[in-house]
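Trainee:
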Amino acid sequence: DQQVKQNSPSLSVQEGRISILNCDYTNSMFDYFLWYKKYPAEGPTFLISISSIKDKNEDGRFTVFLNKSAKHLSLHIVPSQPGDSAVYFCAASAINDYKLSFGAGTTVTVRA
Amino acid sequence: KAGVTQTPRYLIKTRGQQVTLSCSPISGHRSVSWYQQTPGQGLQFLFEYFSETQRNKGNFPGRFSGRQFSNSRSEMNVSTLELGDSALYLCASSFEGFGNEQYFGPGTRLTVT
Chain A
1 DQQVKQNSPS LSVQEGRISI LNCDYTNSMF DYFLWYKKYP AEGPTFLISI SSIKDKNEDG
61 RFTVFLNKSA KHLSLHIVPS QPGDSAVYFC AASAINDYKL SFGAGTTVTV RA
Chain B
1 KAGVTQTPRY LIKTRGQQVT LSCSPISGHR SVSWYQQTPG QGLQFLFEYF SETQRNKGNF
61 PGRFSGRQFS NSRSEMNVST LELGDSALYL CASSFEGFGN EQYFGPGTRL TVT
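Here the protein sequences come in this chain order: A and B. At position 63 of the first sequence (counting the first as 1) the number is 63 in this note's numbering, and the numbers step up by one without a gap. At position 83 of the second sequence (counting the first as 1) the number is 83 in this note's numbering, and the numbers step up by one without a gap.
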């Protein structure tokens, strides 16, 4: 079963505006969450992560928010740039599980 | 530092054949994981190896197997290929496998005809 869900398969945003990507999870044992970005013909690249003991983590233009009670996390990209056009995957892991569970991905298109 | 490398990058096989894919992790990384990516399915976990030991396995049939060598390089094998095995196979390495970001290779695109 899909324990990590990204319900929006695509997102279109104007350059300079905020991109908000959402992710929901069902496994309450997950305690580490990551976002990956993937361009065609390349492997996913790590963007940002957050531990379950935090509710926010920032890295430059990227901020991840975690709402444990709602089992929901989001990735904010501000400002969005054309190079941000890619597929974004949300992933989660549980302690001692040694694997990542991925969502199906959200394709972001940044319009000039 | 060199990234994760995977060989071959592209592969075409016919049903019933078997295939072996190779992954060389980042130097110093001891954990190697394999994932299958198909359209609309995201990345599905296959297995994870650490110091030559399989620590976790995903929900794939026994036709999918893997191993890790003492230098941390890993191979995965798929026997009796089926059309549904056509996918991008990604390898990722990390220092310890948990709580560390995994670094992905470019993948091997397998097409089964």
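By construction, the Cβ of each residue, glycine as well, lies at the ideal position given by its N, Cα and C atoms.
#1: Taking 7 Å as the CB-CB cut-off, is Ala104 of chain A touching chain B?
#2: Go ahead and pull the three-state DSSP assignment for Asp55 of chain A.
#3: Mind checking which residues open and close the beta strand (DSSP E) that includes Tyr89 of chain B?
#4: Compute the distance between the beta-carbons of Ser86 of chain B and Val32 of chain B, then report whether it is under 7 Å.
#5: Any residues in the stretch 22 to 55 of chain B with a beta carbon nearer than 8 Å to a beta carbon of chain A? Which ones, in chain order?
#6: Taking C-alpha atoms, which residue in A:Gly16, A:Gln2 and A:Asn96 lies nearest to Pro79 of chain A?
#7: Do you know offhand how far Arg67 of chain B's Cα is from Trp34 of chain B's?
#8: Leaving out five residues on either side along the sequence, give the residues of the same chain with a beta carbon under 7 Å from the beta carbon of Gly107 of chain B.
#9: Considering Cα atoms alone, identify which of B:Val4, B:Ala2 and B:Leu11 is closest to Arg109 of chain B.
#10: From B:Glu101, B:Pro39 and B:Ala92, pick the residue whose C-alpha is nearest to that of Phe47 of chain B; which is it?
#11: Locate the beta strand (DSSP E) running through Arg111 of chain A, then write down its first and last residues.
#12: In chain A, which residues lie with their C-beta within 9 Å of the C-beta of Pro106 of chain B?
#13: Please work out which residues of its chain come closer than 7 Å, Cβ to Cβ, to Phe30 of chain A, disregarding the five sequence neighbours upstream and downstream, and give them in chain order.
#14: Which residues in the same chain have their Cβ closer than 7 Å to the Cβ of Val15 of chain B, if we skip the five residues on either side of it in sequence?
#15: What span of residues does the beta strand (DSSP E) with Val87 of chain A cover, start to end?
#16: Under 7 Å between the Cβ atoms of Tyr36 of chain A and Pro44 of chain A?
Mentor: In this structure, then:
#1: Counted from its first residue, the first sequence places residue 104 of chain A at position 104. Output row for Ala104 of chain A: interface = yes.
#2: Start at 1 with the first residue of the first sequence, and residue 55 of chain A comes out as number 55. DSSP places Asp55 of chain A outside both helix and strand once states are collapsed to three, so it counts as coil.
#3: Start at 1 with the first residue of the second sequence, and residue 89 of chain B comes out as number 89. Unbroken beta strand (DSSP E) run through Tyr89 of chain B: Ala87 to Ser94.
#4: Here residue 86 of chain B corresponds to residue number 86 of the second sequence, with the count starting at 1. Here residue 32 of chain B corresponds to residue number 32 of the second sequence, with the count starting at 1. Between Ser86 of chain B and Val32 of chain B, the gap from beta carbon to beta carbon reaches 7 Å or more.
#5: Within the stretch 22 to 55 of chain B, the residues whose Cβ lies closer than 8 Å to some Cβ of chain A are Ser31, Ser33, Tyr35, Gly40, Gln41, Gly42, Leu43, Gln44, Phe45, Glu48, Phe50 and Arg55, listed in chain order.
#6: The residue you call residue 79 of chain A lines up with position 79 of the first sequence. Restricting attention to A:Gly16, A:Gln2 and A:Asn96, the CA atom closest to the CA of Pro79 of chain A is found in A:Gly16.
#7: As a first step, residue 67 of chain B is located in the second sequence; it is residue number 67 there, counting from the start. As a first step, residue 34 of chain B is located in the second sequence; it is residue number 34 there, counting from the start. A direct Cα-to-Cα measurement between Arg67 of chain B and Trp34 of chain B gives close to 11 Å.
#8: Locating residue 107 of chain B in the second sequence gives position 107, where the first residue counts as 1. Within its own chain, the residues whose Cβ lies closer than 7 Å to the Cβ of Gly107 of chain B, once the five positions on either side in sequence are excluded, are Gln6, Leu88, Tyr89 and Leu90, listed in chain order.
#9: The residue labelled residue 109 of chain B in the question sits at position 109 within the second sequence. For Arg109 of chain B, the closest C-alpha among the options B:Val4, B:Ala2 and B:Leu11 is that of B:Leu11.
#10: On the second sequence, residue 47 of chain B is found 47 positions in, with the first residue counted as 1. The shortest Cα separation from Phe47 of chain B among B:Glu101, B:Pro39 and B:Ala92 belongs to B:Ala92.
#11: The count along the first sequence starts at 1 and reaches residue 111 of chain A at position 111. Per DSSP, Arg111 of chain A belongs to the beta strand (DSSP E) from Thr106 to Arg111.
#12: Counted from its first residue, the second sequence places residue 106 of chain B at position 106. Under a criterion of Cβ atoms nearer than 9 Å, the residues of chain A adjacent to Pro106 of chain B are, in order, Ala41, Glu42 and Gly43.
#13: Translated into the one-based positions of the first sequence, residue 30 of chain A becomes position 30. Once the five neighbours on either side are set aside, the close Cβ partners of Phe30 of chain A are Ala92, Ser93 and Ala94.
#14: Along the second sequence, read from residue 1 onward, the residue named residue 15 of chain B stands at position 15. The question names Val, but residue 15 of chain B is Arg in the sequence shown. Cβ within range, chain order: Leu81, Glu82, Leu83 and Val112.
#15: Along the first sequence, read from residue 1 onward, the residue named residue 87 of chain A stands at position 87. DSSP places Val87 of chain A inside the beta strand (DSSP E), whose first and last residues are Ala86 to Ala94.
#16: Here residue 36 of chain A refers to the residue found at position 36 of the first sequence. Here residue 44 of chain A refers to the residue found at position 44 of the first sequence. Taking 7 Å as the cut-off, the Cβ atoms of Tyr36 of chain A and Pro44 of chain A count as close.
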